[in-house]
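*Asks:*
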Amino acid sequence: MTTHHESTPRPPHQVLDGTDITRVITRIAHEIVERAKGAEDVVLLGIHTRGVHLARRLHARLAQITGTEIPLGTLDITMYRDDLRLKPARALEHTEIPSGGIDGKLVILVDDVLFSGRTIRAALDALNDIGRPRAVQLAVLVDRGHRELPIRADYVGKNLPTSLREAVQVRLADTDGVDAVLVGDRDYTARSSQALASQSSEPHLPE
1136 MTTHHESTPR PPHQVLDGTD ITRVITRIAH EIVERAKGAE DVVLLGIHTR GVHLARRLHA
1196 RLAQITGTEI PLGTLDITMY RDDLRLKPAR ALEHTEIPSG GIDGKLVILV DDVLFSGRTI
1256 RAALDALNDI GRPRAVQLAV LVDRGHRELP IRADYVGKNL PTSLREAVQV RLADTDGVDA
1316 VLVGDRDYTA RSSQALASQS SEPHLPE
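In structure tokens form, the structure reads like this:
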């Protein structure tokens, strides 16, 4: 028998704070430099929206470590998503590819949460229309599991086992005024949507 306590949606609880996120970005930057042997041909592409902010932070940390400016761009995958018919229309974001392009480069896609893998599949399709990198890698702040496609991250800030009834919320100071990663019941998040909409930015529930 399900108790009232068990059936009541749990509010989000914090699993990463600002200090944790900064530490994660620093670690991933060092891992990139090590694996890319100096990151000389690396191009960072942040996936809108929060992936762009994370890519900018990663770019700044890599500049501190390597002493060089690594090309940085942004990628909008809206028109490549496979759920366009299922969700409300989204405003197109700006795709910006560095002047040197991506041909023959090691492109590192940056996103906030890796879930089903469909966002990354869309990003790979978008890249295919832009150029031909020598390799593509993926850096994410959180990997929450539940993959639906054979996609994995090369750089992971935190592996966060979750259930499908849970929602992962990434908040970044750039858009939300604070750095944090929260996990809570999806039902609670849905019931709180009106309250969240009144804030400056609604937490992103990546897919």
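Sequential numbering of the sequence shown, starting at 1136, is according to the numbering used here. Note that beta-carbon positions come from the ideal geometry of N, C-alpha and C, so glycine has one too.
If you follow the alpha helix (DSSP H) that residue 1209 is in, where does it begin and where does it stop?
*Replies:* No alpha helix (DSSP H) holds residue 1209; the beta strand (DSSP E) holding it covers 1207–1210.
*Asks:* Who does residue 1148 pair with in a DSSP beta bridge?
*Replies:* Paired residue(s): 1318.
*Asks:* Look up residue 1246 in the DSSP assignment and give the residues it is bridged to.
*Replies:* 1275
*Asks:* Cβ atoms of residue 1271 and residue 1262: under 8 Å apart, would you say?
*Replies:* Residue 1271 sits close to residue 1262, with the two beta carbons spaced by under 8 Å.
*Asks:* State the DSSP-derived secondary structure class of residue 1261, mapped to helix, strand or coil.
*Replies:* helix
*Asks:* Please return the same chain residues whose Cβ sits closer than 7 Å to the Cβ of residue 1236, not counting the five positions on each side in sequence.
*Replies:* For residue 1236, where only same-chain residues beyond five positions count, the Cβ hits under 7 Å are 1266.
*Asks:* Over the uninterrupted beta strand (DSSP E) stretch that includes residue 1237, give me the two end residues.
*Replies:* Looking at the DSSP string, residue 1237 is not in any beta strand (DSSP E), and its letter there is neither H nor E.
*Asks:* List in chain order: all unbroken beta strand (DSSP E) runs of 3+ residues lying wholly within the region 1153–1219.
*Replies:* 1177–1182 and 1207–1210
*Asks:* Closer than 7 Å by C-beta to residue 1299: which residues in its own chain qualify, once you throw out the five before and the five after it? Chain order, please.
*Replies:* 1281
*Asks:* What does the Cβ neighbour count give for residue 1172, buried or exposed, with the cut at 16 atoms within 10 Å?
*Replies:* exposed
*Asks:* Leaving out five residues on either side along the sequence, give the residues of the same chain with a beta carbon under 7 Å from the beta carbon of residue 1137.
*Replies:* Interpretation of residue 1137 is limited by its pLDDT of 44, a score under 50 that renders its predicted location unreliable; the figure taken from the coordinates is listed afterwards. Hits under 7 Å: none found.
*Asks:* I need the DSSP call for residue 1138, collapsed to helix, strand or coil.
*Replies:* Its pLDDT being 45, under 50, residue 1138 is placed unreliably by the model, and the measurement read from it follows with that caveat. It is coil, neither helix nor strand.
*Asks:* For the region 1314–1322 and the region 1172–1187, state whether three or more C-beta atom pairs, one from each stretch, are separated by less than 8 Å.
*Replies:* no
*Asks:* Count the other C-beta atoms from every protein chain shown that fall within 10 angstroms of the C-beta of residue 1088, then say buried if there are 16 or more, exposed otherwise.
*Replies:* Any question about residue 1088 goes unanswered here, given that the chain covers just 1136 to 1342.
*Asks:* Within 10 angstroms of the Cβ of residue 1269, are there 16 or more other Cβ atoms? Answer buried if so, exposed if not.
*Replies:* exposed
*Asks:* Per DSSP, which one or two residues make a beta bridge with residue 1231?
*Replies:* 1209
*Asks:* With distances taken from CA atoms, which of 1163, 1145 and 1149 is nearest residue 1276?
*Replies:* Nearest option by C-alpha distance: 1163.
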